[in-house]
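**Q**
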């Protein structure tokens, strides 16, 4: 576990949580304390520029590259008037460098095994093991998973 991942998990610590949160912010990573993160989280290359909305739940073994944003698509509205409800990121998801995941209505679900390509802009939910790329992001293939023995 790298120092960055240590800080990510330390955000939930009763005594040192706020210190870890502000440490991440100093390193250019915005992951609020309210974000639930499963085991095996990877913040690749230090995650500089990563911004995750407070209404996010992240599954196990998720990898996030620098410059990724999970945020509201309707920032022109006051949050109290938004129909946005949050993000649900499944297990074994990879979010490529610079990817933007934006939602303005309900919960956007990134299903388990999804890969989102670099600089893609995702505005809708995915199904399991799909590969998405482009602006706006479109399904471009299926992820071949290796059997675990």
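Residue numbers (our numbering): 846 to 994.
The C-beta atom is built at its ideal place from N, Cα and C for all residues, glycine as well.
In the DSSP assignment, what residue or residues form a beta bridge with residue 978?
**A** Paired residues: 983.
**Q** Among 910, 870, 902, 875, which one has its Cα closest to the Cα of residue 889?
**A** Checking every option, the nearest Cα to that of residue 889 belongs to 910.
**Q** Measuring CA to CA, which of 912, 913, 901 is closest to residue 929?
**A** The option with the nearest alpha carbon to residue 929 is 901.
**Q** Starting from residue 862, trace the alpha helix (DSSP H) both ways and give me its first and last residue.
**A** That run of the alpha helix (DSSP H) goes 862-871.
**Q** Could you tell me the boundaries of the beta strand (DSSP E) in which residue 934 lies?
**A** Looking at the DSSP string, the run of the beta strand (DSSP E) that includes residue 934 is 928-934.
**Q** Measure the beta-carbon distance from residue 979 to residue 943 and round it to whole angstroms, keeping in mind my assumption that it falls under 8 angstroms.
**A** That belief does not hold up - the Cβ atoms of residue 979 and residue 943 are roughly 13 angstroms apart, past 8 angstroms.
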